[in-house]
Each structure stands twice: as C-alpha cells, then as structure tokens.
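Enquirer: Residue numbers (my numbering): 8 to 283. The beta-carbon is built from N, C-alpha and C at its ideal position, and this holds for glycine as well. These numbers come from a predicted model, not from an experiment. Below you'll find the structure I mean.
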C-alpha cells in the first residue's frame, strides 16, 4: 500500500478531516452539541460591550470580547455566566494582552499555563474559572443575545475587535495550511494548521482508524512542521486530550505546558509546545 502526501492548496478537505476527528471524539466522550452566541450590552440602543461565547464538552469559553470600560467587562462576563446551567465545568479564555489577563484574573480566572512569545514579546495565558459563580452586579443596560447569523450588531463587533487587535498584535495569521494523506483517491488522514503570531498552530490531526499504526500521523506532522520551518517559524503548539494523541506528540518532541482536568468530563485537556 502506497500512501501519498500532498499540500492541499484549496483547503477543501477541512470538513472531511474535522468530521473524522469528531467521530473519534464522540466514540470516547459521547455526542456533545456545539453551541455559541453573541451577547451585547446596549445603552440607548448603542452597543457598549460585546462577548462571543461557545459551549462544548461541558466547558464554555469566551474567545472574543470588547467593551467601552472595565465596568462593562465585568457585566459582560456576569451576564454570560447567567446563560449557562449548573452542569458546566468551567469557563476558558486565552489572551496575550496583559491588561486583559489582569481583568480576567480580577473576575476570578486563574492562569493554568502560558505559551511564550505568542505573539513575539508576549505570553498567551490559558485562563480558566471553574467556580462559575454569578455575581450580584446590578445595571440598567439592555441585554441582547443572538445565536444565528441574523445578528444586527455583528459587523460593529467585528470592527471593534479588529481595532483592538491592531493596538497590540505585531502580526496576524499569515497562512492556513493543510496536508492530507491519500490512498489512491481516498483521503485517509490530514492535518489542519495555521501560521501566525510567531507559531505553527496544529488545529486538527486525524487518521482514519483503518490506517492507524502506519506512521501516517507522524508523516503528516513532519510535513507541516517542515513547511513551517521553511517559512521561518521555529515553534509549534497544539491542544489535545487524554483520549487523543498526547503520546504521539510526546514522541515527536512536544511537552505539556498546561493541564485542565475534566475537559471533557473524566478526561484531561493538554496544551503542548515544541521547538521545530
């Protein structure tokens, strides 16, 4: 059997690779539905703060947030917490902005690990709050929540996010990268990654169950790491869990910089880095 490896310029296999990893995850954890929403605080119909939150594997996260002042920040997080039931394990956020890290810590988050020089000159901290305590914060703002694309404030939110990122980031995502493994015309594995912020980021690595123990994952990782090195990148990071590929990554030279328990329930989530 001859396996061919190609760099997929069109990125058209992203959904197929993601579905393959999803089946593996569901077999270990059971099926979890992914959900997300944008939450806005408005005063006189004007947006004064916005947060994007998502839920998966009994954890929630806030990956985008904008606000006019610090008091709005606390209200945004508190209103977001109110939208989740008591079964949730915690809230997750990653940030490199020292002021944002300070604000999240003041609200009750703690850092469980940091990725050095991501982006260059900064540390990206993984912040979690596993207490999820709703605070008694009164306000007179209108709360608006949208879970679909029919969001009248999304363009404004995106614009504010772009403005805030430009004040601190010295670079953005440079390139999306995808390598696939082919058995004839059939895709039997793939890796999806991104170059930017001084790092190669491995988003998804998947190999069809029937093709495992054939070094396909190792070859895919070598392909994407060599490509990144050729572009001048010297570091790589990724996230994995105790039922995924932690052992493989350790054999490839990655080491753990953070561990989150019960993410998902009964398992552990790891962030790993490597010099390439």
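When the Cα of residue 219 is compared with those of 153, 196, 277, 84, which residue comes out closest?
Expert: Reading the chain shown from its first residue, position 212 is the one you call residue 219. Selected option, being the one with the closest Cα: 196.
Enquirer: Does the beta-carbon distance from residue 244 to residue 122 come in below 8 Å?
Expert: Working through the chain shown from its first residue, we reach residue 244 at position 237. Working through the chain shown from its first residue, we reach residue 122 at position 115. Yes, the Cβ-Cβ distance between residue 244 and residue 122 is below 8 Å.
Enquirer: In this structure, does DSSP put residue 16 in helix, strand or coil?
Expert: What you label residue 16 is simply residue 9 of the chain shown in a count that begins at 1. In the three-state reduction of the DSSP assignment, residue 16 falls in the coil class, being assigned neither a helical nor a strand state.
Enquirer: Could you tell me the distance, in whole angstroms, from the CA atom of residue 133 to the CA atom of residue 61?
Expert: By one-based count along the chain shown, residue 133 stands at place 126. By one-based count along the chain shown, residue 61 stands at place 54. If I take the Cα positions, the gap works out to 16 Å.
Enquirer: For residue 150, which of 36, 56, 274 has the nearest alpha-carbon?
Expert: Along the chain shown, read from residue 1 onward, the residue named residue 150 stands at position 143. Nearest of 36, 56, 274 to residue 150, Cα basis: 56.
Enquirer: Measure the Cβ-Cβ separation of residue 181 and residue 212 and say whether it is below 8 Å.
Expert: If you number the chain shown from 1, residue 181 lands on position 174. If you number the chain shown from 1, residue 212 lands on position 205. No.
Enquirer: Quick one: residues in its chain with C-beta nearer than 6 Å to the C-beta of residue 26, no 5 flanking neighbours on either side, listed in chain order?
Expert: Along the chain shown, read from residue 1 onward, the residue named residue 26 stands at position 19. Non-local C-beta neighbours of residue 26 in its own chain, meaning closer than 6 Å and more than five positions away in sequence, are absent.
Enquirer: Helix or strand or just coil, what does DSSP make of residue 267?
Expert: By 1-based counting over the chain shown, the position of residue 267 is 260. Strand, per DSSP.
Enquirer: Looking at the structure shown, is residue 247 part of a helix, part of a strand, or coil, going by DSSP?
Expert: Taking the chain shown and counting its residues from 1, one reaches residue 247 at position 240. In the structure shown, the three-state DSSP call for residue 247 is strand.
Enquirer: Closest by CA to residue 206, which one among 65, 194, 237, 248?
Expert: Here residue 206 corresponds to residue number 199 of the chain shown, with the count starting at 1. Per the C-alpha coordinates, the member of 65, 194, 237, 248 positioned closest to residue 206 is 237.
Enquirer: Could you check whether the segment 145–160 touches the segment 215–230, counting it as contact only if at least three pairs of C-beta atoms, one from each stretch, sit closer than 8 Å?
Expert: no
Enquirer: Could you check the C-alpha separation between residue 198 and residue 104 for me, to the nearest Å?
Expert: Residue numbering aside, residue 198 sits at position 191 when the chain shown is read from its first letter. Residue numbering aside, residue 104 sits at position 97 when the chain shown is read from its first letter. Roughly 29 Å separates the two Cα atoms.
Enquirer: With a CB to CB cut of under 6 Å and the five nearest residues on each side skipped, what residues in its chain are close to residue 36?
Expert: Indexing the chain shown from 1 puts residue 36 at position 29. Excluding positions up to five away in sequence, the list reads 271.
Enquirer: Quick check on the DSSP output: what are the complete beta strand (DSSP E) runs of length 3 or more inside the segment 49–100, in order along the chain?
Expert: Complete beta strand (DSSP E) runs here, min 3: 53–63, 66–74.
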